[in-house]
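Written out below as structure tokens is the structure these notes cover.
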Amino acid sequence: MEMLHTSGTTGLPKVVTISQSCIAAMDVQHRIPHEEEQKPYLCVLAEAEKPFIGFPLFHVAGLALSCFLLLSRCKLVFGPPGKPASREVVQEILRVADVDALLLPPSVLEDITCDSTILDRVNTLRYILYGGGCLNRNAGDILSNRTQLLNGIGSTECGSIIQFPMDSRYWNYFRFWPRLNGIEWRETSEGSGEFEMVIVKDDDVAQYQTVFHNFPELSEWCTKDIFAPHPTIKDLWEYRGRTDQLIVFSTGKKLNPIDIESSVSTCSGVRTALVFGNNRPHPGLLVELEAPAESSAMDRIHSEILTTLNNSQKYSSKETLIMARDILNAKASKPFVRSAKGTVDRKRSLELYAPEIEKFYLTQPYSFDTPTFDFSSRDALSAGLCELVGELTSTSRLSAEDDFFAAGLDSRRVQILAAYLESSWKAVMTNASEIRDSTTDLIYAHPTAARLASYFCPGPLESGLGREHDNAIQEMRNLLERLVSVISVFGD
């Protein structure tokens, strides 16, 4: 039916063939006998009449859930092509499409909880489903108090794991159907209280076990996902991480840190490096030096680290790249925690630096000392935007009419671009008012240098509303012309 890639190791991803039998293994969940209050997740999803799919169709969540919901006779709503799901996209979808459910990555949900207009509309939804990463506690509590919040889990290899919806108080826990999934819980180490989910092949429930449709030669599948049981409530499980140390970001992207850490640890002056970022929007790098270094030596060490990072991240997705500003230096007074054998204890070391890591993310987006953009004219601002977006996306000769997202701008780089714009605006336009709208939303709404420059530097007879209206009309005209040309070809 389709070939998908697994979502997130460093280097080339693995290819998994999604066959009709894989989709059928999901669709058959309709036939699971259940009480009204014990519906499988997918049956709850199928109750929506018009859900918005915020997952990309080249990932299993987007493809498989879309197929299932279509088979369930739902009318699916997708966002505009070329634009990833964002607060601005969700706001527009809720305004024009009359959707009754949202399926989104956790990073987008965390963003929309800051928008009172969207939250008012959330009260009318049947449910919100998120997956691909963890949702922070504050955002989850806000959303679960307004609608049914569903915490989904699955993978390219396994498809959907059969589970039940949770009471709103326990939205961040999972309740699985062990018998039909074939789940065995295996403790990661004696007394740890954490267990890996292992799916064991069972001919009696083969119709539900997607992973063995994909890999019929296997007798069991170690998911490498780690869970911990609820301290008092039976059969409730909380996600804790991965056995392979895979880092799962709030965007749904994943990163295997081992190659990066081992490469950086070979740099002169570096003792150890740890990548962090679980449940965060992007990664950072914590570097422990062999000995304290003077300023000049630090510059040399950082230069070597950046060169090494560029080489080791050649095949990484742009959303998971570690840049110069993402590097933190460990303190000599706080060495990494090590075992008796001298190996670094990743979990305890990152816990030791939790305050520094928290501060690192709280100060994002970054502030900048030197103004970057020239707001004196559209042409000057447009040229500056082309230069920066070209640098962020490694695109040479980006023109003023080129779409940022087609060039490779992603959600993380949108935040960086927004930070530059805000910093420059405040520094240069000292007597100007604050930027009226969210800068990230402005970038999504005006995804070319020409359009964004036009917003900040309007002509004397223009207004923001008029420009957006004209742009929308022109886009509709362009789309109509393309469709008419296609119809003409088939008509001939």
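Numbered by full-length UniProt numbering, the letters in the sequence shown go through residues 1 to 492 in order.
We put the beta carbon where it would ideally sit given N, CA and C, even for glycine.
- R346 carries a helical assignment under DSSP once its states are collapsed to helix, strand and coil.
- Annotation: G277 to V248 spans about 8 Å, alpha carbon to alpha carbon.
- A residue is called buried once 16 or more other Cβ atoms fall within 10 Å of its Cβ, and Y239 is buried on that count.
- Residue burial is scored here from C-beta neighbours: E88 has at least 16 other C-beta atoms within 10 angstroms and is therefore classed as buried.
- Shown here, Y353 sits in coil according to DSSP, grouped into three states, outside any helix or strand.
- Distances from the alpha-carbon of G284 to those of P257, A445, P56 and Y315 put P257 closest.
- Secondary structure at C158: coil, using DSSP grouped into helix, strand and coil.
- Judged by beta-carbon spacing, K318 lies beyond the 8 Å limit of D403, meaning their Cβ atoms are not closer than that value.
- Residue state for Q20 is assigned as helix, using DSSP reduced to three classes.
- The residue among T440, I226 and L71 with its C-alpha nearest the C-alpha of Y173 is I226.
- Under DSSP, the beta-bridge partners assigned to G284 are F276.
- The residues Y127, in chain order, have a CB closer than 6 Å to that of Q148 in the same chain once the five nearest residues on each side in sequence are set aside.
- For D345, the closest C-alpha among the options F78, V275, A293 and A61 is that of V275.
- For the pair P178 and Q91, the Cα-to-Cα distance works out to about 38 Å.
- With distances taken between CA atoms, Y444 lies nearest to A418 out of A418, P458 and C457.
- Annotated three-state conformation of V248 is strand, per DSSP.
- With respect to C74, A48 sits close: the two C-beta atoms are nearer than 8 Å.
- Counting only runs of 3+ residues, the beta strand (DSSP E) found wholly inside the region 89 to 136 occupies 101 to 104 and 127 to 130, in chain order.
- Counting the other CB atoms within 10 Å of its CB gives N181 a total of 16 or more, which places it among the buried residues.
- Sequence-distant Cβ neighbours of I161 in its own chain, meaning closer than 7 Å and more than five residues away, are I153, G154, F176 and N181.
- Counting other Cβ atoms within 10 Å of its Cβ, P447 reaches 16 or more and is therefore classed as buried.
- Contact check for S382 against A427 fails: the beta carbons are separated by 8 Å or more.
- Between S144 and V108, the gap from beta carbon to beta carbon reaches 8 Å or more.
- Take the alpha-carbon of D111 and the one of Y361: they are about 14 Å apart.
- Taking the Cα of S333 as reference, the smallest distance to any Cα among L352, A324 and A139 is reached at L352.
- Exclusion of the five residues before and after D374 leaves A380, L381 and G384 as the residues of its chain whose Cβ lies within less than 7 Å of its Cβ.
- Here A206 is near F212, since their CB atoms are less than 8 Å apart.
- Out of G241, A406 and E290, the CA that lies nearest to the CA of T188 is found in G241.
- Look at G182 here: in three-state DSSP terms it is coil, with no helix or strand label.
- As computed with DSSP, K254 is found in a beta bridge with V248.
- Take A61, set aside five residues on each side of it, and the residues of its chain with a beta-carbon closer than 8 Å to its own are F55, L103, G131, G132, G152, G154 and G252, in chain order.
- CA-CA distance, E157 to A46, rounds to 22 Å.
- Membership of A297 in the alpha helix (DSSP H) is indicated by the continuous run S295 to S312.
- For V337, there is no enclosing alpha helix (DSSP H), as DSSP marks it with neither H nor E.
- Here D225 carries a strand assignment [DSSP, helix/strand/coil].
- For G390, there is no enclosing beta strand (DSSP E); the residue is part of the alpha helix (DSSP H) that begins and ends at R378 to T393.
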